[in-house]
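Heads up, the thing below is written out as structure tokens.
There are 2 protein chains.
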Amino acid sequence: MFKDAFVTEKPPIKNRRPLTLRDVSEASGVSEMTVSRVLRNRGDVSQATRERVLEASKELGYVPNKIAGALASQRVNLVAVVIPSLSNMVFPEVLTGINEVLDETPLQPVVGVTNYDPEREQKVLYEMLSWRPSGVIIAGLEHSDAAKAMLKAAGIPVVEIMDTDGQAIDACVGISHRRAGRKMAQAILKAGYRNIGFLGTKMPLDHRARKRFEGFTEVLAKEGVEIADREFYEGGSALAKGREMTEVMLKRTPELDFLYYSNDMIGAGGLLYCLDQGISVPGQIGLAGFNGVELLDGLPRQLATMDACRVEIGRAAARIIADRTTEAGDSGGGERVELTPMIQPGDTLSRR
Amino acid sequence: MFKDAFVTEKPPIKNRRPLTLRDVSEASGVSEMTVSRVLRNRGDVSQATRERVLEASKELGYVPNKIAGALASQRVNLVAVVIPSLSNMVFPEVLTGINEVLDETPLQPVVGVTNYDPEREQKVLYEMLSWRPSGVIIAGLEHSDAAKAMLKAAGIPVVEIMDTDGQAIDACVGISHRRAGRKMAQAILKAGYRNIGFLGTKMPLDHRARKRFEGFTEVLAKEGVEIADREFYEGGSALAKGREMTEVMLKRTPELDFLYYSNDMIGAGGLLYCLDQGISVPGQIGLAGFNGVELLDGLPRQLATMDACRVEIGRAAARIIADRTTEAGDSGGGERVELTPMIQPGDTLSRR
DNA sequence: AAGAAACACTTTATCGCTAACATGTGTGCA
DNA sequence: TGCACACATGTTAGCGATAAAGTGTTTCTT
Chain A
-1 MFKDAFVTEK PPIKNRRPLT LRDVSEASGV SEMTVSRVLR NRGDVSQATR
49 ERVLEASKEL GYVPNKIAGA LASQRVNLVA VVIPSLSNMV FPEVLTGINE
99 VLDETPLQPV VGVTNYDPER EQKVLYEMLS WRPSGVIIAG LEHSDAAKAM
149 LKAAGIPVVE IMDTDGQAID ACVGISHRRA GRKMAQAILK AGYRNIGFLG
199 TKMPLDHRAR KRFEGFTEVL AKEGVEIADR EFYEGGSALA KGREMTEVML
249 KRTPELDFLY YSNDMIGAGG LLYCLDQGIS VPGQIGLAGF NGVELLDGLP
299 RQLATMDACR VEIGRAAARI IADRTTEAGD SGGGERVELT PMIQPGDTLS
349 RR
Chain B
-1 MFKDAFVTEK PPIKNRRPLT LRDVSEASGV SEMTVSRVLR NRGDVSQATR
49 ERVLEASKEL GYVPNKIAGA LASQRVNLVA VVIPSLSNMV FPEVLTGINE
99 VLDETPLQPV VGVTNYDPER EQKVLYEMLS WRPSGVIIAG LEHSDAAKAM
149 LKAAGIPVVE IMDTDGQAID ACVGISHRRA GRKMAQAILK AGYRNIGFLG
199 TKMPLDHRAR KRFEGFTEVL AKEGVEIADR EFYEGGSALA KGREMTEVML
249 KRTPELDFLY YSNDMIGAGG LLYCLDQGIS VPGQIGLAGF NGVELLDGLP
299 RQLATMDACR VEIGRAAARI IADRTTEAGD SGGGERVELT PMIQPGDTLS
349 RR
């Protein structure tokens, strides 16, 4: 038919059906299997045909169909990464660590965002698992029962990250937020502060912030100190919120001599507020945040904080997945990596 | 055999092969096809069987295999999103917009990060296209020839975002950075500033920053004004860099009366530096950034900036993809959406 | 009351690839 | 010379789903 001749001559960009291995095999005069071998660098293929195939493939602009490939080989080089948010900076940094390690493997991360919503987490997880990834990296140890069941049933490596205070499904990489809270409390008490205020996010769903808070109050309680005031926020620009909350709290409870913020962003806001108001830091009032975000480097004074080891968490988690998918006898299971965050006293903690 | 009996009785979490439609169909006594129909809510199924199937499916913990589904139906509900970075905050916001829109469709975004490296972009794109997504959203108009070829050949909707100054492959959503640079220059000149310094990233690969710079200098030139000093940075904490660069520049060129920063983060650093030094802003020196990041709300003074419409860009891009994949006659092609960024003069531009 | 149409399913044939095995060469070694 | 064996390819049979077409039942129609 004319039409066919046409199509063969110069595929009119539009109604051209997608290229397959067959097209490449015909163009290079070998079997589809050989083309497949060349494209995957697997098995014995002579240099001559290899070149011929590669050329034909490039010529046509062929892009392999991984869907078909994955189905046939029962192997998917994807790693599902499920995190609560991208606007927190914490998680992009974790992703950086994951990328770093996976870049040297055939594995590829796929990110899903839950917005701190367990229901959404479950949905996202279901979606991701339906692509049959080689592994899952998921933030937190708290998940819906259904989500836990899915993870257990998936039969793939699962690494829960960020937090080690709790029962992991399989492997686990993170820091103990409870301990982090305790450490900070100790440091603050040691510096001599006694009237301590806490400022943070509303915590029903931010389990890690909650655990830090619990560890924090636990140590204070042992010394007979109670949180003198507290304030919680939700949404909005964290920096601005930090400002506002600090103002509110200092007006309400002027005798405070220390403010512990559940993250560096609101802490930075508080710091800026104090400096604005001419409040002497850390003399009159001490401040500390949590996370060690890079941002802080540019502030007029260095906020005391605690590094959450974000990049390292990402790296370690990715390494576990990579090792387990590579190693023949899919060895391990249940790895547990607890990193130790260090206090960075900055300029706002020691009372000189 | 004993072993089989065992496996049937109580699948010992380990050597259990993954569940398939067949397992569900056997468990509920209908054909695989019927199960498939139920799970996808498609076609006629009686209420009775529907329930039976759903129960069996939940009971077993079945998760459909989208790989197989996609291959069979030749439909993949993924949208590839290719962006240069996640640590810039600009892109997470774009993603937010994309998510917002796609959440109401069956489509799902998959993110790839290029680190501003064209070669990496090409690789990431290749990877993504090999999953045969329903569409591509990609940042920028500048791509390697091979990347452009792939995009053209893919036969799917392609939306290039962020930038409208140039030739799009297919659709395009963004702002004109050249115009944004021009507008800012006009506003600065109008406010009476004449000794203007520019601070930004090293630009070989950040085409949008480059275009803003070009637009900016173009307008200045028309008025016979030349950039009095300039400074570029790379890597590190943007806030800290803003501080440092500002210090360096003001020491080198004390007669400057305005500093234009290529992004808000370094602008904020500069602002903090000026306030620290007791330099009167905007009296003695005016400042402006670019992007309208939320962060700025918390600063002691509101930095002049220009909203880059990030969330809206994400929304519009996603809408184009969604519309084209839904609509029967896959209508359009070549949509072009140019958004208009507005100057937010804040407290650092008008000379009172 | 007979044919059409709606319903509730099942059967069959792919989708594009890869695993596993089959086939056909040339080489080395006894 | 012949047999093993590495190499270079081809063949066949799925992977787990869905589209499309097929098979019985009901339920309208008029």
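Chains as they are written, first to last, in my numbering: chain A, -1 to 350; chain B, -1 to 350. In this text, a Cβ means the ideal position worked out from N, Cα and C, and glycines have one as well.
Can you list, in chain order, the residues of its chain whose CB lies under 6 Å from that of residue 196/B, leaving out five sequence neighbours each side? In the second sequence, the residue the question calls residue 196/B occupies position 198. For residue 196/B, where only same-chain residues beyond five positions count, the Cβ hits under 6 Å are 225, 228, 258.
Would a check of beta-carbon distances place residue 119/B closer than 8 Å to chain A? In the second sequence, counting from the first residue as 1, residue 119/B sits at position 121. No, no contact with chain A.
Return the chain-ordered list of same chain residues with a C-beta closer than 6 Å to the C-beta of residue 10/B, the five sequence neighbours on each side being excluded. As a first step, residue 10/B must be located in the second sequence, where it is residue number 12. Because the pLDDT at residue 10/B is just 43, under 50, the model does not fix this residue reliably, and the point stays unresolved.
Using Cβ-Cβ distances below 7 Å, what residues of the stretch 261 to 272 of chain A are close to chain B? 267, 270
Proximal chain B residues relative to residue 64/A, where beta-carbon distance stays under 7 Å: Taking the first sequence and counting its residues from 1, the one referred to as residue 64/A is at position 66. Within 7 Å Cβ-Cβ: 128, 129.
Listing by chain order, which chain B residues have their CB less than 7 Å from the CB of residue 304/A? As a working note, residue 304/A is residue 306 in the first sequence. Those within 7 Å of residue 304/A in chain B number zero; the least Cβ separation is about 18 Å.
Span of the alpha helix (DSSP H) around residue 37/A: Within the first sequence, numbered from 1, the residue matching residue 37/A stands at position 39. 30 to 38 is the span of the alpha helix (DSSP H), which, as asked, contains residue 37/A.
Output needed in chain order: residues of the stretch 228 to 242 of chain B with a Cβ under 7 Å from some Cβ in chain A. 235, 237, 238, 240, 241
Residue-chain proximity (residue 287/B, chain A), Cβ-Cβ < 8 Å: In the second sequence, counting from the first residue as 1, residue 287/B sits at position 289. Cβ-Cβ to chain A under 8 Å: no for residue 287/B.
Please report the Cβ distance between residue 296/B and residue 235/A, rounded to the nearest whole angstrom; I am assuming they are in contact, meaning their Cβ atoms lie under 8 Å. Along the second sequence, read from residue 1 onward, the residue named residue 296/B stands at position 298. Along the first sequence, read from residue 1 onward, the residue named residue 235/A stands at position 237. With 8 Å as the limit, residue 296/B and residue 235/A qualify as a contact, their Cβ atoms being about 6 Å apart.
So which residues of chain B does residue 295/A contact, with C-beta pairs closer than 7 Å? As a working note, residue 295/A is residue 297 in the first sequence. Near residue 295/A (Cβ distances below 7 Å), the residues of chain B are 235, 237, 238.
Please confirm if residue 39/A has its CB atom under 8 Å from at least one CB of chain B. By 1-based counting over the first sequence, the position of residue 39/A is 41. Taking Cβ atoms only, chain B never reaches closer than 8 Å to residue 39/A, which makes this a no.
Out of 187/A, 92/A, 22/A, 46/A, state which residue places its alpha-carbon closest to the alpha-carbon of residue 378/A. Because chain A here runs from -1 to 350, residue 378/A falls outside it and cannot be looked at.
Mapping the DSSP letters down to three states, classify residue 107/A as helix, strand or coil. On the first sequence, residue 107/A is found 109 positions in, with the first residue counted as 1. Residue 107/A: strand per DSSP, three-state reduction.
Looking at the secondary structure, which residues open and close the beta strand (DSSP E) in which residue 230/B lies? Mapped onto the second sequence, residue 230/B falls at position 232. Its beta strand (DSSP E) spans residues 227 to 231.
Applying the 10 Å Cβ sphere with the 16-neighbour rule, what's the burial state of residue 119/B? Along the second sequence, one-based indexing puts residue 119/B at 121. Its Cβ being crowded by 16 or more others within 10 Å, residue 119/B is buried.
Residues, ordered as in the chain, of the stretch 73 to 107 of chain B that lie near chain A by beta-carbon distance below 8 Å: 74, 84, 85, 87, 90, 91, 93, 94, 97, 106
Between which two residues does the alpha helix (DSSP H) containing residue 51/A stretch? Numbered from its first residue, the first sequence carries residue 51/A at position 53. Residue 51/A -> alpha helix (DSSP H) spans 45 to 58.
Excluding the 5 residues flanking residue 359/B on each side, which residues of the same chain have their C-beta closer than 6 Å to its C-beta? Any property of residue 359/B remains undetermined from this structure, which presents chain B solely from -1 to 350.
Out of 143/A, 138/A, 184/A, 99/A, point me to the one whose CA is closest to residue 207/A's CA. Against the first sequence, residue 207/A aligns to sequence position 209. Minimum Cα distance to residue 207/A is reached at 138/A.
Work out the CA separation of residue 286/B and residue 215/B for me, nearest whole Å. As a first step, residue 215/B must be located in the second sequence, where it is residue number 217. As a first step, residue 286/B must be located in the second sequence, where it is residue number 288. If I take the Cα positions, the gap works out to 15 Å.
Are the CB atoms of residue 185/B and residue 341/B nearer to each other than 8 Å? Counting from 1 along the second sequence, the entry for residue 185/B is found at position 187. Counting from 1 along the second sequence, the entry for residue 341/B is found at position 343. Result yes, Cβ atoms of residue 185/B and residue 341/B sit closer than 8 Å.
So residue 262/B packs on residue 303/B, CB below 8 Å; how close in whole Å? Within the second sequence, numbered from 1, the residue matching residue 262/B stands at position 264. Within the second sequence, numbered from 1, the residue matching residue 303/B stands at position 305. Confirmed, Cβ separation roughly 5 Å.
Other residues of its chain near residue 68/B: CB distance less than 7 Å, five sequence neighbours each side excluded: Stepping through the second sequence from its first residue, residue 68/B is reached at position 70. Excluding positions up to five away in sequence, the list reads 74.
Consult DSSP for residue 355/B and reduce its assignment to one of helix, strand or coil. Nothing can be reported for residue 355/B, as the shown portion of chain B is limited to -1 through 350.
8 Å Cβ cutoff, residue 114/B in contact with chain A: Taking the second sequence and counting its residues from 1, one reaches residue 114/B at position 116. Answer no: the Cβ-Cβ gap between residue 114/B and chain A never drops below 8 Å.
Using only CA atoms, which one of 272/B, 233/B, 237/B, 264/B lies nearest to residue 249/B? Looking up residue 249/B in the second sequence gives position 251. Selected option, being the one with the closest Cα: 272/B.
Please report how far the alpha carbon of residue 165/A lies from the alpha carbon of residue 54/B, in whole angstroms. The residue given as residue 165/A occupies position 167 in the first sequence. The residue given as residue 54/B occupies position 56 in the second sequence. Taking the straight line from one Cα to the other gives about 29 Å.
Would you check if the distance between the CB atom of residue 61/B and the CB atom of residue 124/A is smaller than 8 Å? On the second sequence, position 63 is the one that residue 61/B refers to. On the first sequence, position 126 is the one that residue 124/A refers to. Contact flag set, yes.
Terminal residues of the continuous beta strand (DSSP E) containing residue 271/A? As a first step, residue 271/A is located in the first sequence; it is residue number 273 there, counting from the start. It is not in any beta strand (DSSP E) - residue 271/A instead sits in the alpha helix (DSSP H) that spans 262 to 274.
Three-state secondary structure assigned by DSSP to residue 305/A: In the first sequence, counting from the first residue as 1, residue 305/A sits at position 307. Three-state DSSP puts residue 305/A in a strand.
Residue 306/A burial status per 10 Å Cβ neighbour count (16 or more: buried): Taking the first residue of the first sequence as 1, we reach residue 306/A at position 308. Looking at its Cβ environment, which holds 16 or more other Cβ atoms inside 10 Å, residue 306/A is buried.
Residue 245/B versus residue 347/B - alpha carbon distance: For the purposes of this step, residue 245/B is taken as residue 247 along the second sequence, with counting starting at 1. For the purposes of this step, residue 347/B is taken as residue 349 along the second sequence, with counting starting at 1. Distance between the alpha carbons of residue 245/B and residue 347/B: 19 Å.
Residue 184/B - DSSP class collapsed to helix/strand/coil: Residue mapping note: residue 184/B aligns to position 186 of the second sequence, counting from 1. Correct three-state label for residue 184/B: helix.
Suppose contacts are defined by Cβ-Cβ distances below 8 Å. Is residue 176/A in contact with residue 212/A by that definition? Looking up residue 176/A in the first sequence gives position 178. Looking up residue 212/A in the first sequence gives position 214. It is a contact, given that the beta carbons lie within the stated cut-off.
So, using beta-carbon positions, are residue 240/B and residue 222/B closer together than 8 Å? Working through the second sequence from its first residue, we reach residue 240/B at position 242. Working through the second sequence from its first residue, we reach residue 222/B at position 224. Contact: no.
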